[in-house]
Amino acid sequence: MRLIRKNIDTLKGILEKNKRLARLKPLLSAVDEFYFGTDKVTTLPHIVDHMDIKRYMTFVIVGLLPATIASVYFWGLRVLAVIAVSYIFGGLVEAAFAIVRKKEIHEGFLVTGLLFPLTLPPSIPLWVVAVGVMFGTLFGKEAFGGTGRNIFNPAIVGRIFLTIAFPTIMTIVWNEPFHSGLGGFQRYFADALTQATPLALFKAEKVITHYGDLLLGNSMGCIGETFRLGIILGGIFLILAKISNWRLPLSCIVSVIVFASIGNYFAPDKFAPALFQILSGGFLLGAFFMVTDPVTAPFTKAGKWIGGVIFGFLVVLIRGLSGYVEAVMFSILLLNVFAPLIDHLVLDVKYQKNKGIK
Amino acid sequence: MPSVRTFKGGYRFVNFEGQPKDVLEEALIPQRVTIPLRQGFGGEGNCVVSPGEKVCAGQIIGSNDHGVSSPVHATINGVVEEVRRINYFKRDCLMVSIKGDGTSDYQKVQGATPHWEHLEPIELERILYLSGVTALDREGIPTQMRSSVILPEDACAIIVHGVGSEPYNISQNILLQGKNTLRLIEGIRILHKIMPNAKVYLALNSQRKKTLEELLKLSAQYDWLEAYALEPKYPQGYDEMLVPTLLKQKFPYGYSAANIGAVIVNLQAVLQAYEAVVEGKPLIERTIALCGPAFKEPVHIKARIGTALKDLVSLRIKEGMIPRFVLNGILTGPELKDLTLPIDKAYSQIIAIPENHRREFLSFLQFGPQSDSYSHTFLAKFYPTTKKTCETNKHGEERACISCNYCEEVCPVAIIPHLLSKYVQRNIIDETVMNLRIFNCIECGLCSYVCPSKIPLAKHIKDGQERLTIQGCDRNQCILPYFSNLKGIEEYRGAKKL
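Chains as they are written, first to last, in this note's numbering: chain A, 1 to 358; chain B, 359 to 856.
See below:
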C-alpha cells in the first residue's frame with residue numbers, strides 16, 4: 001500500500017514538472033482514486049451512503065464471475081487472454097478520451113471490458129477482440145459523451161459490429177467444451193469444431209439439446225453464455241444486492257415464455273418451445289446482465305415492464321422468423337433504441353397535467 | 359395493536375453510532391445569555407427592554423402584537439447588557455444579552471393554574487401565548503393572538519408526533535419519563551380545549567412497543583383522540599409526510615400544514631404547553647439531545663435558552679477532534695459554525711460528527727460491517743445490531759448519472775430526482791420540469807444521500823426551483839390550483855417574508 005502511494009506521488013511530481021506529460025493527469029488521478037478513495041467531505045446532506053460507482057461496478061463483475069470462471073473451465077486458459085485483450089484495448093480508448101476530454105475515467109468500462117469477451121465465440125482471434133472492443137467503446141459509448149450518456153450498450157455494439165464485419169469467424173467455428181477432470185484449467189484452448197450451436201441446430205434440424213447440458217454448460221456457444229446456472233445465480237445475486245432491478249429480467253423471461261408458447265403452439269417447426277428458448281443462446285446472459293444495464297434500459301418502473309415485454313417479443317420473433325440466430329443482441333440494441341421513447345410515454349401518462357399533485 | 363402506517367419510498371436509518379443515552383443532565387445556569395428575538399415560528403419581536411435594565415427570568419423582553427409572532431422571554435435573572443443585531447442563521451436578528459446573577463428561579467406566567475379545566479379557551483390561549491410556547495414547531499400553535507397563520511377555530515386536526523425517523527432523535531424515554539406520559543395527555547387535552555373542532559392524532563414510533571401500548575390505552579378514553587403506530591422511516595417526521603399518512607390528504611407542498619387546517623406539534627412542545635398552563639413555567643428551557651460519535655458521552659441536557667453553544671458542547675467533545683455540528687437533522691439541518699451563538703426554542707438535537715478527510719485504501723472492496731448503505735452491498739445489512747459509522751466523508755467521486763433509480767425508489771413524494779437534476783443541469787427550466795413536479799420536492803435530502811454517483815440531486819432540484827421562481831413560474835401555479843380552501847395563505851406569505 002505504501003509502495004503504491006509512493007509511486008503515485010512520484011509520478012504526480014513528474015507530471016507537474018513536465019508540461020507535455022501533464023495531459024496524462026486524469027489517468028493518474030484515476031489510478032490514485034482507484035486505490036485510495038476520496039478525501040472530499042460532504043456539504044448537504046451531512047452524511048452520505050457508503051456506496052459508490054466503483055463498488056457498483058465491482059459487484060456486477062462479481063455477479064459475472066461464476067460464468068467467467070466456468071468459461072475458463074470449458075474453453076481453456078485462452079479465455080483469460082481474450083479478456084485481457086478486451087480490457088487493454090478498451091481501456092486504451094477510454095484513457096485516450098479521458099485525456100482529450102480532461103475528465104475522469106468512468107468505472108463503467110470495468111463491466112464492458114468483461115462483458116464483451118463473454119459474448120464472443122471461444123476460438124475468436126485476439127486481434128478481432130481488440131477491433132471489436134475498440135469499436136464498441138468508441139461508437140457505443142464515447143461518441144455519445146461517455147458512460148451515462150450512451151444510448152447503446154457498448155458491449156453489444158462491438159458484438160454486432162463483429163457479427164456483421166466478420167460473419168465467418170463469428171458464426172461458423174465453435175469449440176467442443178471440456179467436461180471432465182480439471183478441464184480447461186490446464187489446457188490453453190479447446191479443439192475447434194465446425195459444428196452448430198443449439199439454436200442453429202434447432203433451426204436446421206429441429207434438434208432440441210438436452211436441457212441439463214444447456215444449464216450446466218455442456219453445449220456449444222459463446223464464451224460466457226453456456227454456464228447458465230452460474231448466470232442465473234450471478235443475476236439473482238445482483239438483484240438481491242439491489243444492483244440490478246428485478247423487473248427487467250423477470251418481464252423478459254415471462255414475455256419469452258408467453259410469446260414462445262404462442263409461437264410454438266401455432267408453428268412448432270419455426271418457434272422452439274419456451275424453455276428451450278430461455279436456456280439457449282445468450283438469452284440469460286442478456287436478460288440478467290445486458291438488458292439491465294441501467295444507463296441504456298428504460299428507467300421508469302412501468303417502462304421496465306414494457307421494455308421487457310418488447311425484448312421478449314423481439315427475441316422470439318427474430319429467432320423464429322429471421323435467418324439470424326443472434327436474436328438477443330439485436331433485441332437488446334432495438335430495446336436500447338426504444339428505451340427513451342418508452343420512458344417518455346410513461347412519464348407523460350404518469351405526470352399528466354390535470355392529475356394534480358400526488 | 360393497530361396496523362402500522364407508513365408511506366411509499368423513504369429509508370430507514372438504523373443504529374448509527376453515538377445515539378443519545380437515556381440520561382438527562384441539567385446544565386448550570388449560565389453567567390450570560392444571548393437571546394434572539396426571533397425564535398421558532400413567527401416574526402421578530404420588538405425589544406421592550408434597554409441596556410442596564412434589570413430583568414428576571416420569565417419576563418417578556420420582546421413581543422409584537424401586530425404581526426404573526428410569539429413573545430420572547432429573559433431566561434435568567436440579571437441585567438441587560440446590550441441589544442444588537444447579529445447575523446443569525448443567515449438572517450439579521452436582534453439579540454439581547456443578559457448578564458446573570460446565577461439564581462435559578464423564574465417568574466411564573468400570569469393566570470396559570472392546575473385547575474385549567476375551569477378556564478375559558480381564550481384565557482388558556484393567553485397563557486400559552488404569554489409563555490412563548492405558541493412559537494414552537496414549524497407553524498406554531500394557533501391562538502387569537504396571531505401566533506400562527508390560522509385561528510384556533512380553523513384547525514381541524516392536531517397531529518402530535520414523536521415518530522423519530524431521523525438517524526438521531528431525542529429519546530422518547532427521556533421526554534416521557536416519570537409522570538410525563540400523563541402530562542402529555544393533559545397537554546393534549548389543553549390543546550384540544552383551545553381547538554375543539556380538531557381531531558387529535560397521536561403519531562408514535564411503531565418500534566417502541568411499551569410507550570405505544572401505554573399511550574394507546576390512555577388515548578382510548580377520549581373519542582377525539584387516537585394514537586397511531588408509524589414506521590420510523592425517514593422522512594416520516596416531516597409535516598409533508600405526516601399529513602398524507604395520517605389524514606389521507608394531499609399536502610400543499612411549499613406551504614404549511616396549517617394552510618389545510620392541520621396543526622403539527624411534537625412531544626416536547628405539548629409537554630411545554632402543559633408546563634406553561636399548569637405550572638406556569640414560561641418557555642425558558644429546552645431539553646436537547648447531544649448526539650453523534652464526536653461526543654464523549656452522548657446524553658440529553660436541559661439548558662436555558664440563550665446559553666452559548668460552546669458552553670454546552672465544548673467540554674463534551676472527544677479529545678483532539680474538530681467535529682462538524684449540525685442542528686436537529688443530520689441530513690438537512692444547518693451547520694452550526696459559530697459556537698458563540700446561543701441555542702433557541704427550535705433546538706432539539708445537536709449532532710456532532712467527525713470531519714473525515716481520511717482516504718481509505720481500496721474502499722470499494724471493503725466488506726463494510728459498519729457501513730450504512732441503501733444498496734445491499736455491505737456486510738452491515740447482515741449485522742443489524744452493529745453500530746454504523748457516521749462521518750462526513752463522501753465515500754466516492756462524483757460521476758455521471760447511470761440512472762440506477764435509487765433516488766426515485768427512496769423519494770417520498772414520488773418525483774424522479776435524477777431526471778429533474780439532468781433537466782436543470784442542461785438549463786431546461788420551463789414547463790417540462792414543472793410538469794415533473796419539481797415543486798413537490800420537500801428537500802429531505804434522501805436522493806443525495808443514496809446516490810452512488812454522489813450527485814447533489816437535492817441541491818440541483820432546489821436550484822431549479824429558484825431559477826423557475828426568478829423566471830416568474832411560482833410554486834403557486836403548480837400547487838395552489840389543486841386546493842380549494844387553503845387558509846391563511848396571505849398571512850403565510852407575510853410570515854415567510856419577515
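Don't be surprised by glycine CBs; every beta carbon is placed ideally from N, CA and C. As the structure is a computational prediction, the values presented were derived from the model and not from experiment.
Using a Cβ-Cβ cut-off of 9 Å, A:Ile124 does not count as an interface residue toward chain B, since no Cβ of chain B sits closer than that to its own.
Using a Cβ-Cβ cut-off of 9 Å, A:Tyr73 does not count as an interface residue toward chain B, since no Cβ of chain B sits closer than that to its own.
Annotation for B:His550: the continuous alpha helix (DSSP H) segment containing it runs 538-552. Taken atom to atom, the span from the alpha-carbon of B:Ala493 to that of B:Phe841 is near 26 Å. Along the stretch 279-336 of chain A, the alpha helix (DSSP H) occurs as fully enclosed runs of 4 or more residues at 301-321, listed in sequence order.
With its beta carbon at least 9 Å from every one in chain A, B:Ala415 lies outside the interface.
Not one beta carbon of chain A lies nearer than 9 Å to the beta carbon of B:Gly822. The three-state reading of DSSP puts A:Ile124 in coil, since its state is none of H, G, I, E or B.
For A:Gly146, at least one C-beta of chain B is nearer than 9 Å to its own C-beta. When DSSP states are grouped into helix, strand and coil, A:His46 belongs to the coil group. No residue range can be given for A:Gln186, since it is assigned to no alpha helix (DSSP H) and is classified by DSSP as neither H nor E.
Under DSSP, B:Phe653 takes part in a beta bridge, and its partners are B:Ile675.
Within chain B, no residue has its beta carbon less than 8 Å from that of A:Tyr87; the closest one is some 17 Å off. Between the stretch 323-331 of chain A and the stretch 779-798 of chain B, the count of Cβ pairs shorter than 8 Å is below three; the stretches do not touch.
A Cβ-Cβ contact shorter than 9 Å links A:Ile156 with A:Met290.
Distance check between A:Ile257 and each of A:Glu205, A:Leu314, A:Gly217 places A:Leu314 closest, using alpha-carbon atoms only. The shortest CA-to-CA distance from B:Gly376 to any of B:Ile680, B:Cys762, B:Leu667, B:Lys654 is the one to B:Lys654. Cβ neighbours of A:Asp293 within its own chain (closer than 6 Å, five residues either side excluded): Asn153.
At a beta-carbon threshold of 8 Å, the residues of chain A lying near B:Ala758 are His106, Gly146, Thr147, Gly148, Arg149, ordered along the chain. Per the C-alpha coordinates, the member of B:Cys805, B:Pro590, B:Arg496, B:Pro656 positioned closest to B:Ala704 is B:Arg496. For the stretch 40-56 of chain A, the set of residues with a beta-carbon nearer than 9 Å to any beta-carbon of chain B comprises Lys40, Val41, Thr42, Thr43, Leu44, Pro45, His46, Ile47, Val48, Asp49, His50, Met51, Asp52, Ile53, Lys54, Arg55, Tyr56, in chain order. Around B:Tyr369, the same chain offers Lys591, Tyr592, Tyr732, Val768, Leu804, Tyr807, Val808 as residues with beta carbons nearer than 8 Å, after the five sequence neighbours per side are excluded.
For the C-beta of B:Tyr613, not a single chain A residue is nearer than 9 Å; the gap to the nearest is close to 12 Å.
In the structure shown, B:Leu452 adopts extended strand secondary structure according to DSSP, grouped into three states.
The beta carbon of A:Glu33 falls within 9 Å of a beta carbon belonging to chain B, placing the residue at that interface. Between B:Ala816 and chain A, the shortest Cβ-Cβ separation is below 9 Å. Taking the CA atoms as reference points, B:Lys551 sits about 11 Å from B:Glu544.
Contact with chain B is found for A:Gly37, since one of that chain's Cβ atoms lies less than 9 Å from the residue's Cβ.
CA-CA distance, B:His715 to B:Leu576, rounds to 50 Å. Under the Cβ criterion of 9 Å, A:Ala327 is not counted among the residues facing chain B. Inter-residue distance for B:Ile709 and B:Asn531 is about 19 Å (C-alpha atoms, whole angstroms).
For A:Ile164, the closest alpha carbon among the candidates A:Gln195, A:Leu345, A:Val131, A:Phe189 is that of A:Val131. Look at A:Phe152 here: in three-state DSSP terms it is coil, with no helix or strand label. Only residues of its own chain outside the window of five on either side were considered, and among them Asn150, Pro154 have a CB closer than 6 Å to the CB of A:Lys141, listed in chain order. Less than 9 Å divides the Cβ of B:Ala587 from the Cβ of B:Asn563. The three-state secondary structure of B:Ile708, taken from DSSP, is strand.
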